[in-house]
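Going line by line, the protein sequences match chains A and B.
Per the numbering used here, residue 18 is the first one in the first sequence, and the count goes up by one each step.
Per the numbering used here, residue 18 is the first one in the second sequence, and the count goes up by one each step.
In this text, a Cβ means the ideal position worked out from N, Cα and C, and glycines have one as well.
2 protein chains.
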Amino acid sequence: MTEHTVSAYENELRGLAQRVAEMGGLTEKQIVGSIDSLIRSDLDLARQVRAVDPQIDALQREIEEVGILVIAKRQPMAIDLREIVGALRIASDLERIADLAKNIAKRVIAMNGTLPLAKVTGGFDAMARLALERVKRVLDAYAQRDVDAALDVWKADGDIDALYNSLFRELLTYMLEDPRNIGSCTHLLFCAKNLERIGDHATNIAETIHYMVKGVPLADERPKLDTTTMAAVGL
Amino acid sequence: MTEHTVSAYENELRGLAQRVAEMGGLTEKQIVGSIDSLIRSDLDLARQVRAVDPQIDALQREIEEVGILVIAKRQPMAIDLREIVGALRIASDLERIADLAKNIAKRVIAMNGTLPLAKVTGGFDAMARLALERVKRVLDAYAQRDVDAALDVWKADGDIDALYNSLFRELLTYMLEDPRNIGSCTHLLFCAKNLERIGDHATNIAETIHYMVKGVPLADERPKLDTTTMAAVGL
């Protein structure tokens, strides 16, 4: 292989990682936008979040296409192959995270300007901040190929589950207290579930980083607050 | 390329498609098991569904691994490349379908033997049958590489959304009628959402089949009963 070819190949790999980072940045913005639109009942912002989503889908398709072509063209060694497969997996998780943010925005639109229960906005804010922080930290770990930082994200999965469970119980209480809350609380419990799932995808990305760097999957069961989780109606 | 090599390559492609079909069969069983466990409040069956899920995850990882290796080793032509990328995408959707079935089973376990509202089991049965039929039909379309059959599945997406919306409204009514129903109805509305999402993944698979055979993505917006969907609290 000539030096020119090697360098073109390295550029391809770097380009792929850059696109994943770009997708990550957009996805973070979508999380922020969706939760701000929820807390402030901001329909315009919610519509904006919904409108941006196709860009993220397109980025994922592009990453998949480029990644597969590089594999077919370069027949990469094991470590580069993991790099590319990792990019494809992370792009897939980011697409799903963005989709969950979009679904929150869609619920804000469906609630049509009804402010969510003021009592629970604090809980949503806390949960969203935790979810966002996990996504940010795992994307930093990806940028640095830092397995330890990825493992930190992976281990902290229980935090967001605990917040979700408590928010969920709270929402149920308000539904029981006053049946007129049932409609909006139903929307809110799906939103809370979406935030919890965003956290799960951050955990998936942490697992992918481990595989990319170490070459073996994280075999252990993911840390879940199982007792709380199974007992709560929210699962 | 010698004849021997071509034949080994063809075997690899065939083996990949067979694994996807196997995964599809297991996934169908998981849908049936999860919904039967829900309707009959059968905790043993629910636990069985939960226990099978890791096998399906392992199959997906295996399909991804084999597919990527074939791409790297064989540098396939465009049509074969689409065949392999299609197998990876379908395996990813099947994994998510199986995950949604597992989540229904986990809710059955969390409900711990409380029979769901008898009034809604019919609705769940109808919705589950529709979801299962869509998965079956799209897997048949994959086996036959039949774009028209895949497009039929793709177009019929609205049916399951309509059933979901009506089941959702019904569940809300029972919550409003008697607050003691709120706990179980909350479980059931997540189960209904999971069945709706199983239908969405069948639609994704139909799109993948179109891409595999035709080489271009289905660009149009997916058919959704948008007016109903946005109006309903269930989204």
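- When rounded, the separation of the alpha-carbon atoms in ALA143(A) and SER201(B) is 27 Å.
- GLN92(B) belongs to the set of residues whose beta carbon lies under 8 Å from a beta carbon in chain A.
- In the structure shown, PRO234(A) falls within a coil segment according to DSSP collapsed to helix, strand and coil.
- Here the alpha carbons of VAL87(B) and ALA115(A) stand approximately 31 Å from one another.
- Taken in chain order, the complete alpha helix (DSSP H) segments of 4 residues or longer contained in the segment 135 to 189 of chain A are 135 to 161 and 164 to 172.
- By the Cβ criterion, the segment 166 to 185 of chain A is not in contact with the segment 75 to 95 of chain A, since fewer than three pairs of Cβ atoms, one from each stretch, lie closer than 8 Å.
- Taking CB atoms only, THR203(B) has a neighbour in chain A less than 8 Å away.
- Scanning chain B for C-beta atoms nearer than 8 Å to the C-beta of VAL102(A) yields GLU81 and ILE85, reported in chain order.
- The continuous alpha helix (DSSP H) containing ARG67(B) extends over residues 60 to 91.
- For GLY130(A), no alpha helix (DSSP H) segment is defined, and its DSSP state is neither H nor E.
- Proximity of the segment 191 to 209 of chain B to the segment 127 to 138 of chain B meets the contact definition, three or more beta-carbon pairs being nearer than 8 Å.
- When Cβ-Cβ separations below 8 Å define contact, SER54(B) makes no contact with chain A.
- When the five nearest sequence neighbours on each side are left out, no beta carbon in the same chain lies closer than 6 Å to the beta carbon of LEU189(A).
- Rounded to whole angstroms, the separation of the alpha carbons of GLN47(A) and LYS123(A) is 12 Å.
- The C-beta of LEU117(B) comes no closer than 8 Å to any C-beta of chain A.
- In this structure, ILE215(A) keeps its C-beta atom at 8 Å or more from the C-beta atom of ILE107(A).
- About 7 Å separates the CB atoms of VAL125(B) and LEU60(B); that is less than 8 Å, so the two are in contact.
- Chain A places a beta carbon closer than 8 Å to that of LEU193(B), counting this residue as a contact.
- Between the segment 159 to 175 of chain A and the segment 219 to 234 of chain A there are three or more C-beta pairs closer than 8 Å, enough to call the two in contact.
- Spanning the alpha carbons of ARG64(B) and SER54(B) requires a straight line of approximately 9 Å.
- Contact annotation: the segment 89 to 96 of chain A does not touch the segment 205 to 214 of chain A, with fewer than three C-beta pairs closer than 8 Å.
- Ranked by how close their Cα comes to the Cα of ALA25(A), the residues SER109(A), LYS90(A), LEU168(A) and GLY42(A) have LYS90(A) in first place.
- With fewer than 16 other beta carbons inside 10 angstroms of its own, VAL233(A) counts as exposed.
- Of the other Cβ atoms in all chains shown, fewer than 16 fall within 10 Å of the Cβ of ASN129(B); this residue is therefore exposed.
- Pairing THR44(A) with ILE73(A) gives a Cβ-Cβ distance under 8 Å.
- Minimum Cα-Cα distance from ASN120(A) among the listed residues SER109(A), LEU33(A) and GLY50(A) corresponds to GLY50(A).
- Taking all protein chains in view, the Cβ of ALA68(B) is surrounded by fewer than 16 other Cβ atoms within 10 Å, so the residue is classified as exposed.
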